[in-house]
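A.B. asks:
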Amino acid sequence: MTLQSNKNKWYFAIWMMLGLAINSFALAGGLSDEMKNSTNQHSMSDHRDSPISPPDVAKYPTLYQVHGELVVDDYAWLYADSGERNRLIEQENAHTAHHLDRSLINTLSQEIKKRSKVGVSDEIWLDGGIFFKKDNTSFPKVFIKSQNKNNQNVWTLLLDTNAEKQMLGVDTYQLGMIKPAPNAAHIAISYDTIGNEVYAIDIADKTGRVIDRLTKTAGQVVWLNHEYLVYVNDYHNQVLRHKLGTSQSQDVPIYHKQNQRLGLSLDSASSDEFVLLTLGNMTTAQTLFAKPEDLIQQGEFTPFGVIEQDREYYLEHYQGRFYLKLSDQNGAALYVLTQDDMTKWRQNQHLPNPIFMPNKRATLESFAFVGDYLIVKVRQGGVHQIFYANVNDLRFDKLYHVIDKKDKNEQQFDSSIYAGDQVWRSVKFDDEAYMVWIKSSGFDIQANTNPHLLRLGYTSPSTPKTVRYYDLLHHQFVNVAQTQKDYQTKRLWIASKDGTKLPITLVYKTGLTPTKDTPLLIYGYGAYGFSLDPVYGSSYISLLDRGFVYVFAHIRGGGELGQAWHNDGKLTKKQNSFDDFVTVTKSLHQQGYGSPANTFAMGESAGGLVVANVCTTHPELYKACVMQVPFLDVLSNYHQGKTDDEDQYSEWGDPSMVSDYRTIAHYNPYTNLTVKHYPNMLIIAHRQDARVNFVDSLKFIAKIRAYQIDNNHSLHLIAIKDGGHSGTGQNSRVANNAMAYAFILQQCSSCQTLE
Numbered sequence: 005m006t007l008q009s010n011k012n013k014w015y016f017a018i019w020m021m022l023g024l025a026i027n028s029f030a031l032a033g034g035l036s037d038e039m040k041n042s043t044n045q046h047s048m049s050d051h052r053d054s055p056i057s058p059p060d061v062a063k064y065p066t067l068y069q070v071h072g073e074l075v076v077d078d079y080a081w082l083y084a085d086s087g088e089r090n091r092l093i094e095q096e097n098a099h100t101a102h103h104l105d106r107s108l109i110n111t112l113s114q115e116i117k118k119r120s121k122v123g124v125s126d127e128i129w130l131d132g133g134i135f136f137k138k139d140n141t142s143f144p145k146v147f148i149k150s151q152n153k154n155n156q157n158v159w160t161l162l163l164d165t166n167a168e169k170q171m172l173g174v175d176t177y178q179l180g181m182i183k184p185a186p187n188a189a190h191i192a193i194s195y196d197t198i199g200n201e202v203y204a205i206d207i208a209d210k211t212g213r214v215i216d217r218l219t220k221t222a223g224q225v226v227w228l229n230h231e232y233l234v235y236v237n238d239y240h241n242q243v244l245r246h247k248l249g250t251s252q253s254q255d256v257p258i259y260h261k262q263n264q265r266l267g268l269s270l271d272s273a274s275s276d277e278f279v280l281l282t283l284g285n286m287t288t289a290q291t292l293f294a295k296p297e298d299l300i301q302q303g304e305f306t307p308f309g310v311i312e313q314d315r316e317y318y319l320e321h322y323q324g325r326f327y328l329k330l331s332d333q334n335g336a337a338l339y340v341l342t343q344d345d346m347t348k349w350r351q352n353q354h355l356p357n358p359i360f361m362p363n364k365r366a367t368l369e370s371f372a373f374v375g376d377y378l379i380v381k382v383r384q385g386g387v388h389q390i391f392y393a394n395v396n397d398l399r400f401d402k403l404y405h406v407i408d409k410k411d412k413n414e415q416q417f418d419s420s421i422y423a424g425d426q427v428w429r430s431v432k433f434d435d436e437a438y439m440v441w442i443k444s445s446g447f448d449i450q451a452n453t454n455p456h457l458l459r460l461g462y463t464s465p466s467t468p469k470t471v472r473y474y475d476l477l478h479h480q481f482v483n484v485a486q487t488q489k490d491y492q493t494k495r496l497w498i499a500s501k502d503g504t505k506l507p508i509t510l511v512y513k514t515g516l517t518p519t520k521d522t523p524l525l526i527y528g529y530g531a532y533g534f535s536l537d538p539v540y541g542s543s544y545i546s547l548l549d550r551g552f553v554y555v556f557a558h559i560r561g562g563g564e565l566g567q568a569w570h571n572d573g574k575l576t577k578k579q580n581s582f583d584d585f586v587t588v589t590k591s592l593h594q595q596g597y598g599s600p601a602n603t604f605a606m607g608e609s610a611g612g613l614v615v616a617n618v619c620t621t622h623p624e625l626y627k628a629c630v631m632q633v634p635f636l637d638v639l640s641n642y643h644q645g646k647t648d649d650e651d652q653y654s655e656w657g658d659p660s661m662v663s664d665y666r667t668i669a670h671y672n673p674y675t676n677l678t679v680k681h682y683p684n685m686l687i688i689a690h691r692q693d694a695r696v697n698f699v700d701s702l703k704f705i706a707k708i709r710a711y712q713i714d715n716n717h718s719l720h721l722i723a724i725k726d727g728g729h730s731g732t733g734q735n736s737r738v739a740n741n742a743m744a745y746a747f748i749l750q751q752c753s754s755c756q757t758l759e
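The opening position of the sequence shown corresponds to residue 5 in my numbering, with each subsequent residue numbered one higher.
1) Give me the Cα-Cα distance between A557 and N352, rounded to the nearest whole angstrom.
2) Taking only beta-carbon atoms, is K169 less than 8 Å away from chain B?
3) So, are the CB atoms of D164 and K138 less than 8 Å apart?
4) Cα-Cα, which of Y259, Q313 and S272 is closest to F305?
5) Taking its Cβ as the centre, do 16 or more other Cβ atoms sit within 10 Å of N454, making it buried, or is it exposed?
6) Assuming contact is defined by CB atoms lying nearer than 8 Å, are D637 and D700 in contact in what I supplied?
7) How long is the line joining the alpha carbons of L338 and G223, rounded to whole angstroms?
8) For K247, which residues in the same chain have their Cβ closer than 7 Å to its Cβ, ignoring the five residues on either side in sequence?
9) Which residue comes first and which comes last in the alpha helix (DSSP H) that contains K707?
10) Okay, do the stretch 325-345 and the stretch 357-373 touch, 3+ Cβ pairs below 8 Å being the bar?
11) DSSP state of Q290, grouped into three classes?
12) Straight-line CA distance for Q384 to T467?
13) Report buried or exposed for R213, applying the criterion of at least 16 other Cβ atoms within 10 angstroms of its Cβ.
14) Identify, in the order they occur along the chain, each residue of the same chain with its Cβ nearer than 7 Å to the Cβ of Q313, setting aside the five sequence neighbours on each side.
15) Answer with buried or exposed for I26, where buried requires no fewer than 16 other C-beta atoms within 10 angstroms of its C-beta.
16) Could you check if D105 is buried or exposed, using at least 16 other CB atoms within 10 Å of its CB as the buried criterion?
17) Quick one: using the 10 Å Cβ neighbour count with 16 as the cut-off for buried, is R350 buried or exposed?
18) For F135 and W129, what's the separation of their Cα atoms in angstroms?
19) How would you call I379, buried or exposed, if buried means at least 16 neighbouring beta carbons within 10 angstroms?
20) Within its chain, find whatever has a CB closer than 7 Å to the CB of T514; leave out the 5 residues flanking it on each side and keep chain order.
21) Locate the beta strand (DSSP E) running through G563, then write down its first and last residues.
22) What are the start and end residues of the beta strand (DSSP E) that includes R472?
23) Which residues in the same chain have their Cβ closer than 8 Å to the Cβ of A744, if we skip the five residues on either side of it in sequence?
24) Here's the rule: buried if 16 or more other CB atoms are within 10 angstroms of the residue's CB, otherwise exposed. What is M39?
25) Alpha carbon to alpha carbon, what distance is there between V662 and F360?
26) Please list, in chain order, all residues of the same chain as L749 whose beta carbon is under 6 Å from its beta carbon, the five residues on each side excluded.
27) On the CB-based measure, 16 or more other CB atoms within 10 Å of its CB, does I722 come out buried or exposed?
28) When we look at the beta-carbon of R695 and count the other beta-carbons within 10 Å, is it buried (16 or more) or exposed?
29) Less than 8 Å between the beta carbons of L281 and L270, yes or no?
30) Taking DSSP as the reference, what is the three-state secondary structure of V679?
Next up, the structure:
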């Protein structure tokens with residue numbers, strides 16, 4: 005079972021800039037060795053080297069002539085690697101370590117580590133007839149299911165990532181894909197040892213012995229047969245064919261991407277009868293397909309669909325039929341295509357009736373297969389619903405609408421109403437707000453094959469991340485999710501600046517009655533159509549236990565309410581994302597939740613852009629702000645004459661166009677800093693980040709200190725750590741959260757103290 009369709013779109017979002025920001029709630033860690041060493045090694049009395057005072061950052065003005073205007077950047081010199089920059093990074097880390105409470109960070113880390121183990125089991129999946137299992141540790145071990153000499157099923161070690169890390173002499177080992185060959189004799193394993201999203205691919209036998217290795221890849225690999233495979237290069241612009249046992253220099257290019265504004269995603273169809281290559285970004289997508297044997301014999305990919313603005317074609321193949329998810333401005337629909345349908349499409353682009361089409365207020369996100377069942381994930385009112393049907397019961401010449409009942413707020417629908425003579429059924433969930441995703445299915449908890457079992461990943465603010473098993477034949481769950489009654493969730497809808505209703509999710513300790521004295525942490529993202537789903541907070545519960553209300557701000561630019569929600573928060577409408585976040589803050593204050601003296605804002609990656617904007621344009625609303633791996637200067641690449649971010653233009657605009665440049669310049673945090681009071685800030689950036697340049701964070705913190713009018717009373721900190729956009733693994737990601745929460749708690753005068 006392979007999850008298709010929307011996974012490619014999420015791949016493009018991640019490929020563009022997202023990273024693992026959202027899932028970092030549930031990870032654990034502590035104060036990094038780098039930060040500890042900074043604390044111990046810097047105790048000089050000189051102002052520049054003293055950890056008590058912030059470093060003095062030299063100004064070397066760089067001038068840019070842009071669209072008839074002169075732009076001056078005093079800190080552009082930091083883009084060049086130099087001894088002075090390295091010393092500055094050391095001093096910044098020392099300054100931050102000095103002002104953070106190490107004991108509190110360690111306490112938070114231990115709390116998160118203990119909590120993150122609750123409800124989390126080993127990850128099991130089935131691929132190519134092989135069962136795999138990965139344990140839930142910082143450097144996981146991977147096992148395969150096999151039979152011993154007594155014909156008993158046992159789990160045999162395939163890969164120990166910690167041992168691999170030590171053998172390779174690297175600091176991190178981030179696992180990518182694990183893909184078995186059709187004959188199951190060999191397994192391709194991709195991994196990143198730096199964090200910059202450049203992967204090596206090892207070809208191993210079932211004992212883990214490596215027989216071949218590819219370097220400088222994107223980590224995506226598909227087997228053509230037992231000796232040939234194809235993969236994507238590290239520039240994400242070429243697909244190459246490799247034969248086992250030959251030099252990588254002899255690999256044959258079989259596809260080259262021409263449009264650099266498109267991402268490239270390589271996968272096998274669920275049937276394993278086709279190789280699928282998807283080109284696209286957040287506004288368009290096209291699928292190319294080919295039989296594996298044709299690619300061995302110098303064959304080419306056949307395109308389905310065209311690259312066209314606001315039109316996306318995602319193709320799949322299963323049990324002899326093609327399945328198509330087609331999205332445009334009117335929504336998305338799911339089609340089944342026979343060979344005759346494929347011929348008609350090539351002749352005149354004719355499509356049959358769709359077999360699934362949600363109502364206009366819902367979004368068809370993805371689909372997958374389990375045995376004879378077609379599984380569809382839909383989002384409406386910001387909440388997921390899972391629908392399913394036996395493909396043998398579907399009439400492929402009939403359109404099935406998902407019918408819904410409006411409630412008084414027109415925000416939810418009654419999932420007990422099925423479509424098409426009850427051919428389609430839905431899975432019911434009890435929580436008001438939750439996150440659900442389709443996992444590798446078709447087997448039970450003991451890894452025994454069962455084609456009627458759907459496995460769903462599930463979490464909510466009161467439910468730790470878990471796997472739920474749903475019986476598609478009898479329409480019921482076979483296991484119960486373990487919920488925690490210590491925390492409660494509240495869903496609110498508020499009117500934004502232009503009257504648009506915004507959903508927000510509040511989580512706080514059961515029994516707490518929020519008042520103006522209650523501390524708030526407002527978290528937002530709002531970009532790339534990515535939905536900020538309410539999840540169990542292995543990390544943020546440490547704040548709930550200390551009296552906080554944690555707020556998920558589902559601002560425009562995300563995908564919570566469908567494609568229109570994304571469209572209303574990008575390009576020329578990006579200002580809506582910032583206005584929404586400010587509206588959430590003001591509305592909560594007006595309703596008696598917190599006050600500016602105890603309100604904190606936090607965002608990661610593109611969410612860091614939102615937080616940087618609102619905290620610098622509305623500093624009076626926030627006590628302190630935290631930004632992790634933030635996107636702080638949307639114009640930096642353009643100012644430097646770089647064009648390697650063309651893939652971003654569909655989200656932010658093309659700065660070579662005067663109108664787009666003006667739009668970006670209006671909200672761009674770095675270039676809009678002026679002399680004023682700013683709230684306390686902590687920025688956490690990563691040196692090897694391939695998506696957001698850590699230097700933009702260095703520049704931002706230097707400039708904001710220079711412009712702060714009461715610098716003696718404000719704290720602006722930055723930590724530069726090793727690792728890529730998502731850090732160097734599980735521990736490092738939540739070390740960031742522990743550091744962030746310690747910083748917030750140190751600024752919070754109304755927070756409770758735990759014994």
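We put the CB at the ideal spot given by N, CA and C, even for glycine.
These figures come from a predicted structure and were not determined experimentally.
C.D. replies: On the basis of the data shown:
1) Stepping through the sequence shown from its first residue, residue 557 is reached at position 553. Stepping through the sequence shown from its first residue, residue 352 is reached at position 348. Using only the alpha carbons, I get a separation of about 45 Å.
2) Here there is only one protein chain, and chain B is not present.
3) The residue labelled residue 164 in the question sits at position 160 within the sequence shown. The residue labelled residue 138 in the question sits at position 134 within the sequence shown. No.
4) Mapped onto the sequence shown, residue 305 falls at position 301. Checking every option, the nearest Cα to that of F305 belongs to Y259.
5) As a first step, residue 454 must be located in the sequence shown, where it is residue number 450. Flag for N454 reads buried.
6) To locate residue 637, count along the sequence shown from 1; it is residue 633. To locate residue 700, count along the sequence shown from 1; it is residue 696. Yes, these two residues count as a Cβ contact at 8 Å.
7) Working through the sequence shown from its first residue, we reach residue 338 at position 334. Working through the sequence shown from its first residue, we reach residue 223 at position 219. If I take the Cα positions, the gap works out to 29 Å.
8) Along the sequence shown, read from residue 1 onward, the residue named residue 247 stands at position 243. Answer for K247: E231 and Y232, listed in chain order.
9) On the sequence shown, residue 707 is found 703 positions in, with the first residue counted as 1. It spans F698 to Y711 - the alpha helix (DSSP H) in which K707 sits, taken as one unbroken run.
10) yes
11) Mapped onto the sequence shown, residue 290 falls at position 286. Three-state result, Q290: strand.
12) Translated into the one-based positions of the sequence shown, residue 384 becomes position 380. Translated into the one-based positions of the sequence shown, residue 467 becomes position 463. The straight-line gap from Cα to Cα measures roughly 21 Å.
13) As a first step, residue 213 is located in the sequence shown; it is residue number 209 there, counting from the start. R213 is exposed by the Cβ-count criterion.
14) Taking the first residue of the sequence shown as 1, we reach residue 313 at position 309. Cβ within range, chain order: T287 and T288.
15) Translated into the one-based positions of the sequence shown, residue 26 becomes position 22. At I26 the pLDDT is 32, less than 50, meaning the model places this residue with poor confidence and gives no usable figure here.
16) Walking along the sequence shown from the start, residue 105 turns up at place 101. So D105 ends up on the exposed side.
17) On the sequence shown, residue 350 is found 346 positions in, with the first residue counted as 1. Classification for R350: exposed.
18) Your numbering for residue 135 matches position 131 in the sequence shown. Your numbering for residue 129 matches position 125 in the sequence shown. Computed Cα separation, rounded: 6 Å.
19) Here the question's residue 379 lines up with position 375 in the sequence shown. It is buried - the Cβ of I379 has at least 16 other Cβ atoms within 10 Å.
20) Position 510 of the sequence shown, counting from 1, holds the residue named residue 514. Answer for T514: K489, D490, Y491 and Q492, listed in chain order.
21) Position 559 of the sequence shown, counted from the first residue, corresponds to residue 563. Element bounds for G563: n/a, residue is neither H nor E.
22) Position 468 of the sequence shown, counted from the start, is the residue given in the question as residue 472. Segment T467 to D475, the beta strand (DSSP E) holding R472.
23) For the purposes of this step, residue 744 is identified with residue 740 of the sequence shown, where counting begins at 1. Around A744: M606, V630, Q632, L686 and I688.
24) Position 35 of the sequence shown, counted from the start, is the residue given in the question as residue 39. Low local confidence applies: a pLDDT of 38 at M39 is under 50, so the model's placement there is unreliable, with the coordinate-based value given in what follows. Result: buried.
25) Working through the sequence shown from its first residue, we reach residue 360 at position 356. Working through the sequence shown from its first residue, we reach residue 662 at position 658. Distance between the alpha carbons of F360 and V662 is about 42 Å.
26) The residue you call residue 749 lines up with position 745 of the sequence shown. Here the set comprises C755.
27) For the purposes of this step, residue 722 is taken as the residue at position 718 of the sequence shown. I722 should be labelled buried.
28) Numbered from 1 along the sequence shown, position 691 holds the residue referred to as residue 695. Buried, because 16 or more other Cβ atoms sit within 10 Å of the Cβ of R695.
29) Start at 1 with the first residue of the sequence shown, and residue 281 comes out as number 277. Start at 1 with the first residue of the sequence shown, and residue 270 comes out as number 266. Yes. Within cutoff.
30) Indexing the sequence shown from 1 puts residue 679 at position 675. Three-state DSSP puts V679 in coil, outside helix and strand.
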